[in-house]
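Everything below concerns the one structure shown next.
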């Protein structure tokens, strides 16, 4: 139980320290990241890891930027490795502590909270975290005495596995290194603490593998294989001590990554190929030399986005009509819309003329917004159903008819967009006032039901919210139809000469 208590102190101390440092660092760190690419980005990650004390936070940030298409797989991995190396400074700070410094830091944290009245929590959390880490190291001596009789009997692979599982579960290699440091101070064999540290160094990849997208899973697998391949040979070398083993291992992982990346990329691509449906089908970088061809390819990709966005809308309203369905069922389609929209936006930004690029940007972002609105509609209905409530038969029928009309308008707008048919686009725009009138009539009918039926009062907010979403969806359809005129080729504009 003492060992578990020490782990709890290390965990809470590390959590508070990294939260406090992160709040003090603020958004400046993210702005700094946007200025660098390639290996220098990893060095910036190292500095941010030192400042924030959180390698896990930077690893998850890298995963998010990878999923958003901002960073490549190589850069996201470098950010994670650099951040984890920088965060080893937490162990260095903790190694300086003793019981007196522990209580001193905790006292300062309390005084800070009282003096600032909670207006600057970052510094207080930082001090609380340092104090708890110092205290944990002191108590680790006593915990190690209880582990002493049986710890030397364990084989190295089991200690490695223990460190791996601890770090995987809590997402922190520092936690395992702090435990190893406390055990080393109590006289535990250096080889045993080395196995713990190396296991923790590999296991800290764990947070990247929790509920990942396909890109996030590839990043997690790539880092896991890289760290494991480095850690296994080091198990057979003499231990330099827990702290230097911890820092040295993560420094080695960071510095050797550029050399091992080509092989690791091939391995992860073989083990986890990116689903074809998620990737762009028509966008080709070599076509950017011919802007009109590139624009045409982007339009073909936008047609794929439109099909997926329409499927999201159709799935949401089908669920509403049946009064059965989950928002989670739409996630794969929404991920496809998001991924393809980002790819088109980045591709279109490379076109030389605004007249070619801007309509593509508008179309891709509009379709992404339509898919998001559709999913939001189902989310609102899910909350209503979770309370055991439903719409009235008349209200459900009105919503179904409006949804069907919206789907038909979207189908026509997407067809006009794909074919450049301006007459069809103008027909979609002419339908807009009629649909707005139907929406207004539905609101008036709902008002009458609200006056005369008690049961309508329970679902009124959701019903009116859905009508607002239908209105917003149709405004988006109108904007899509209007884009058909903007997507005409420039006059006299063949840029192929």
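In this note's numbering, the protein residues as written are 3 to 499.
Beta carbons: idealized from backbone N, C-alpha and C, even for Gly.
Remember, it's a predicted structure, so these values are computed and weren't measured experimentally.
Q) For the stretch 206–262, which segments carrying the alpha helix (DSSP H) assignment without a break, of at least 4 residues, lie completely within its bounds, in sequence order? A) 216–236
Q. Looking at residue 179 and residue 195, is the spacing between their C-beta atoms short of 7 angstroms?
A. no
Q) Cα separation between residue 51 and residue 171? A) 20 angstroms
**Q.** Assigned secondary structure, residue 392 (DSSP; H/G/I helix, E/B strand, else coil)
**A.** coil
Q: Can you have a look at residue 367 and say buried or exposed, based on whether 16 or more other CB atoms are within 10 angstroms of its CB?
A: exposed
Q. Of the residues 342, 177, 193 and 169, which one's Cα is nearest the Cα of residue 210?
A. 169
Q | The alpha helix (DSSP H) enclosing residue 86, as first and last residue numbers | A | 75–89
**Q.** For residue 222 and residue 203, the rounded distance between their alpha carbons
**A.** 13 angstroms
**Q.** Where the alpha helix (DSSP H) through residue 321 begins and ends
**A.** 293–324
**Q.** Three-state class that DSSP yields for residue 485 in the structure shown
**A.** helix
Q: Look at the Cβ atom of residue 253, then the Cβ atom of residue 87, and state whether they are nearer than 7 angstroms.
A: yes
Q) residue 62 to residue 264, Cα distance in whole Å? A) 22 angstroms
Q: Identify, in the order they occur along the chain, each residue of the same chain with its Cβ nearer than 8 angstroms to the Cβ of residue 321, setting aside the five sequence neighbours on each side.
A: 327, 328, 331, 380 and 383
Q: Specify the secondary structure class of residue 178 as computed by DSSP and reduced to three states.
A: helix
Q.
Please identify the residue among 349, 389 and 416 whose C-alpha is closest to the C-alpha of residue 292.
A. 349
Q: Could you check the C-alpha separation between residue 143 and residue 237 for me, to the nearest Å?
A: Interpretation of residue 143 is limited by its pLDDT of 49, a score under 50 that renders its predicted location unreliable; no figure is taken from the coordinates.
Q.
Beta-carbon within less than 6 angstroms of residue 317's beta-carbon, same chain only, minus the 5 sequence neighbours each way: which residues are those?
A. 332
Q) Does the stretch 444–457 come close enough to the stretch 394–406 that 3 or more CB-CB pairs lie under 8 angstroms? A) yes
Q.
Short of 6 angstroms in beta carbon distance, which residues of its chain neighbour residue 405, apart from the five on each side in sequence? Order them along the chain.
A. 319
Q. Exposed or buried, which one is residue 275 when buried takes at least 16 other CB atoms within 10 Å?
A. exposed
Q: Report yes or no: do three or more beta-carbon pairs, one from the stretch 482–489 and one from the stretch 401–419, lie closer than 8 angstroms?
A: yes
Q) Should residue 85 be labelled buried (16 or more other beta-carbon atoms within 10 Å of its own) or exposed? A) buried
Q) Leaving out five residues before and five after residue 41 in sequence, what residues of the same chain have Cβ atoms less than 7 angstroms from its Cβ? A) 80 and 260
Q: State the Cα-Cα distance for the pair residue 159 and residue 187, rounded to the nearest angstrom.
A: 22 angstroms
Q: Report the option in 464, 294, 424 and 197 whose CA atom is closest to the CA atom of residue 401.
A: 464
Q.
Just verifying my parser: in three-state terms, what is the DSSP assignment at residue 352?
A. coil
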